[in-house]
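Under mature numbering (1 follows the signal peptide of the UniProt record, and there is no 0), residues -18 to -1, 1 to 946 are what the sequence shown spells out, in order.
By construction, the Cβ of each residue, glycine as well, lies at the ideal position given by its N, Cα and C atoms.
This structure is a prediction, so every number in the text was calculated from the model and none was measured.
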Amino acid sequence: MLFDLCLFLLLVPAFVQSLDSTFNDDVLGLIVFKAGLHDPESKLASWSEDDENPCNWVGVKCDPKTQRVAELVLDGFSLSGHIGRGLLRLQFLQILSLSNNNFTGTINPDLSQLGVLQVVDLSQNNLSGLIPDGFFKKCESLRSVSFARNKLTGQIPESLSWCTSLAAVNFSSNQLSGELPSGLWFLKGLQSLDLSDNLLEGEIPEGIANVYGLTAINLQKNSFSGQLPLDIGGCLLLKMLDFSENSLSGILPESLGRLRACTSLRLRGNSFAGEIPGWIGELTNLESLDLSSNEFFGRIPTSIGNLNLVKELNLSRNRLTGGLPQSMANCLNLLVLDISQNGLAGSLPPWIFKMGLKSISLSGNGHSNSMQYPSVASLTASLQGLKLLDLSSNGLSGEIPSDIGVLSSLLLLNVSRNRLFGSIPSSIGELKTIQVLDLSNNKLHGKVPSEIGGAVSLVELILEKNFITGNIPTQLQNCSSLASLMLSQNNLSGPVPAAIADIGNLQYVDLSFNSLSGSLPKELTNLSYLVSFNVSHNNLQGELPVGGFFNTISPSAVSGNPSLCGSVVNRSCPSVHPKPIVLNPNSSASSNGSSLNYNHRKFALSISSLIAIGAAAFIAIGVVAVSLLNIHVRSSMTRTPAAFTLSGGEDFNCSPTNDPNYGKLVMFSGDADFVAGTHALLNKDSELGRGGFGVVYRAILQDGRSVAIKKLTISSLIKSQDEFEREVKRLGKIRHHNLVALEGYYWTSSLQLLIYEYISNGSLYKHLHNGLNTNCLSWRQRFNIIMGMAKGLAHLHHMNIIHYNLKSTNILIDDCGEPKVADFGLARLLPMFDRCILSSKIHSALGYMAPEFACRTVKITEKCDVYGFGILVLEVVTGKRPVEYMEDDVVVLCDLVRGALEDGRVEECLDGRLGGNFPADEAIPVIKLGLICASQVPSNRPDMEEVINILELIQCPAESQELE
């Protein structure tokens, strides 16, 4: 406010000379508003204080009669700064729209003083704080207000109910809490209400029927409980209702059947129970009906066939029984059908394949009859647009149609976990757009057709647990987008083709439990995105590839191959020697040919001797050269630690010497002398551990403090000294209770050290996986660790630093049990961000790396850290590693927990060492939070500030003392 006033006083003299009787405050107000903004794209360049009026400025519209500003629309201008008080001078402003920018700060309550303001849109910014109660105390003309997609907190002000002219309210995607204002239903002119994706709770109050003009209400993704208002059917004009993902329960109120104008009814993810009522068929204008993930039971009512206009029908994840009613064939506009995860039985009705559907999901039911596939070719017209077909986890039998290839639009085909037999049809290669093909857990036999290389868009190919024979087709190299290749538990034979190494996006490969032979191609080390590669229990032989992912491959991933050798399987490879030249001493020649044979033998001996002498000389020279090199290296390594020149203090004083053999040691504060002397800093007896970026040693300063010294092993990739020091000093200034402090550094061109505070209690990995059952972490300790990690990461992100390398070995625990995030910012020491280099340095972070690392077109952001944090949350709660190799399987923690959650078995995932001593109303939401953070889609992950807020809401203070 003071800044705006100063600007006003400074600018007034420049305007005084140009004032006349027609001049208004609009120019002055907008210039003052502009002065407080950052305009990186110069979108407001046309705004000049020399103009008589602003009517020709970009984003400004004036009333043609009065020449006063009526509209200010600056949507998507990339502006940042505060919404200043200069706007208060626009006394005739009717429309204010500043959406999709980067405005920060709070909402100015005085904006409501603009007496004729009708529309306010501040959505998609970074506004924070409370919605001011005073904003709605003078709002006679206000018709539409949107604060959506900001970071607003607190409750919805009661004064909102005073704005009787309001027609549209949108506060979605914020962090609003509390209950709905009691007077909300007094807004009789309200037409649209969107409060979705907040933290609102309590029951939805009765009285909604008073808002008889309401056409759309969206309260999804909150924590509302209780029943739907019984009088909701009084809003006869309602077209869109979305109460998804709340905690609502009870049966559906019968008054809903009166909403004949309704086109979209979404109640997904609640606890509604009872049978799906027959009156649902009276909502004949419905285009979208989603009742999934509730507790509905009984049969699907035949009246559902009356929904002639419905395009999307989702009844999945309930307890429905019986079969699909024949009346559904009347739903001629149906495009998406999902009735998966119920208890349906019977055969698949033929009308499903005749309706022109784009998505069919019937997985996880009890279909037990033989699959009666119609001829796909005869239904080409109705199946041509089919994009998703999921019939998995049923009792279906039969063969895959040989003409399946005519489904040219198919993106996903999943018929896994059935009893299908026969061979994989060669026409599968005609599916040019298919991305996911899952035929696993069936009785398929025959070969993988070579034509599969024609399915060039494949991302996941899952054929495991069948009876497939023959070789792995080399044509798979044509599937350049393939990320997951699962062929385990079949009868495949022949070699692992080198062509697989040409599929640069491969992340997960499982060829275990087959009869593959030959050696593994060395070219496999080129697969820079590999996360898992399992070839266990085959007949492979020879040396394992060396380099890249294979340097840290798990022994269990290559076990069951007795003839494989290499350090991973702890079996040395036999040396290969050239066969010696052997002459036959008993060879004879005729007397008349003796001279010729003698000369030939003499020539052969001469060649043999030359080869032997040459080889010996080459070996001798090599031994001498290596010995000299070793002497030189040892000498250099002996000199380097002793060459430290010490300096200390906040002024970052450098070494006084100019000798290039001396390095530069800088301590940001405190003592720079070491008890054992600099020559003992890198003593192997003091080694603490090794990571992707280097080896860590412990050392003690003269003042008694212990420090941890990381010797970087990426010297060939390190930045120049100036850039290195600039980055390290930046990292050294970062201080937070949950971050390991960087206390100094050492630099030479061949050796770089980072000096950190020493954390004595070890890593989170040690506490989770190496501790005794009697000494395991309590639930309260685990929750505090999760909260501390979140706070440390949030601080890093606030400083615009991405960690890149989150894992449990990089979370240290101090003597008070507080977590400290370590190794942050090291990727910034590389000359440029290169995913290949980075992934090779942190490949030990198996299971923690976000999927966007595998896609070069996706920007790497803080959401990568959020993904790793989500995996860490699951690791802390379950006590399991992110990826565990079993004897005949690979278990991915994220998938394991998600499956348990979907099956209602989530409590089984908690670490058994807790012995049930945990609050379920904390533990289960924490697990769900971990899964949300580990979403495959970056935009679905919350930021770390939101994570902290959610954790604070989850925490049950009443139980915090009981579980210590």
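Item	Value
Between Glu844 and the rest of its own chain, which residues show a CB-CB distance below 6 Å, the 5 nearest in sequence each way excluded?	His779, Ile784
Which runs of the beta strand (DSSP E) fall wholly inside the segment 188 to 265 and span at least 3 residues, in chain order?	198 to 200, 205 to 208, 222 to 224, 229 to 232, 246 to 248, 253 to 257
When you compare only the Cα positions, how much space is there between Gln157 and Asn83?	19 Å
Helix, strand or coil: which one does DSSP assign to Asp492?	strand
Since Thr266 and Asn290 are thought to touch, with beta carbons under 8 Å apart, how far apart are those beta carbons, to the nearest angstrom?	7 Å
Suppose contacts are defined by Cβ-Cβ distances below 8 Å. Is Val209 in contact with Leu230 by that definition?	Note that residue 209 is Gln in the sequence shown, not Val. Yes, they are a contact pair.
Would you report the Cα separation of Lys16 and Met649, rounded to the nearest angstrom?	45 Å
Contact defined as beta carbons within less than 8 Å: I believe Ser141 pairs with Asp103. What is the distance between those atoms, to the nearest angstrom?	Contact flag wrong, Cβ pair sits at about 19 Å.
Which residues in the same chain have their Cβ closer than 8 Å to the Cβ of Lys414, if we skip the five residues on either side of it in sequence?	Ser390, Gly436, Ala437, Val438, Ser439
At what residue ranges does the segment 692 to 736 contain a whole run of the alpha helix (DSSP H), taking only runs of 4 or more?	703 to 714
To the nearest angstrom, how far is the alpha carbon of Leu302 from that of Ala480?	49 Å
Who are the Cβ neighbours of Val40 in its own chain at under 6 Å, not counting the five residues just before and after it?	Ser28
Per DSSP, which residues does Asp272 bridge with? Please list them.	Arg248, Asn296
Counting Cβ pairs closer than 8 Å, one from the segment 757 to 766 and one from the segment 916 to 925, do we hit at least three?	no
For the alpha helix (DSSP H) that contains Gln457, what are its first and last residues?	No alpha helix (DSSP H) contains Gln457, which DSSP labels as neither H nor E.
Taking all protein chains shown into account, do 16 or more other C-beta atoms lie within 10 angstroms of the C-beta of Asp32, making it buried, or fewer, making it exposed?	exposed
Less than 8 Å separating the beta-carbons of Phe278 and Ala255?	yes
Under a Cβ-count criterion, where at least 16 other Cβ atoms within 10 Å of its own Cβ denotes burial, should His749 be classed as buried or exposed?	buried
Relative to the alpha-carbon of Val929, which residue among Leu775, Met222, Ser731, Ser374 has its alpha-carbon at the smallest distance?	Leu775
Check for me: the alpha helix (DSSP H) holding Phe15 runs from which residue to which?	8 to 17
Is Pro907 helix, strand or coil by DSSP?	helix
So, under 8 Å CB-CB, Val513 and Leu502 are touching, yes? Tell me the CB distance rounded to an integer number of Å.	About 17 Å separates the two Cβ atoms, so there is no contact after all.
Answer with buried or exposed for Lys715, where buried requires no fewer than 16 other C-beta atoms within 10 angstroms of its C-beta.	exposed
For Ser81 and Gly111, I'd like the C-alpha separation in whole angstroms.	17 Å
Within 8 Å (strictly less), CB to CB, does Lys221 reach chain C?	Checking the listed chains, one finds no chain C in this structure; it contains a single protein chain.
Using only alpha-carbon positions, find the residue among Leu392, Asp224, Asp385, Gln417 that is nearest to Ser405.	Asp385
Can you tell me which of the three DSSP states Val40 falls into?	coil
Please report the distance separating the alpha-carbon of Glu545 from that of Asn521.	Before going on, a small fix: residue 545 reads as Ser here, not Glu. Distance between the alpha carbons of Ser545 and Asn521 is about 7 Å.
Pick helix, strand or coil for Val677, following the three-state DSSP scheme.	strand
Could you tell me which whole beta strand (DSSP E) segments of length 3 or greater appear in the segment 495 to 555?	497 to 500, 514 to 516, 521 to 525, 545 to 547
For Glu739 and Leu854, what's the separation of their Cα atoms in angstroms?	23 Å
Of the residues Cys846, Glu884, Arg895, which one's Cα is nearest the Cα of Val858?	Arg895
Which two residues bound the contiguous beta strand (DSSP E) that contains Asp429?	Residue identity check: residue 429 is Lys in the sequence provided, not Asp. That run of the beta strand (DSSP E) goes 425 to 429.
Could you check where the beta strand (DSSP E) with Leu371 kicks off and where it finishes?	370 to 372
Just to confirm, are Ser274 and Ser253 a CB contact at a threshold of 8 Å?	no
Can you tell me which of the three DSSP states Ile595 falls into?	Unreliable positioning characterises Ile595 in this predicted model, as indicated by a pLDDT of 44, which lies under 50. A coordinate reading is not provided.
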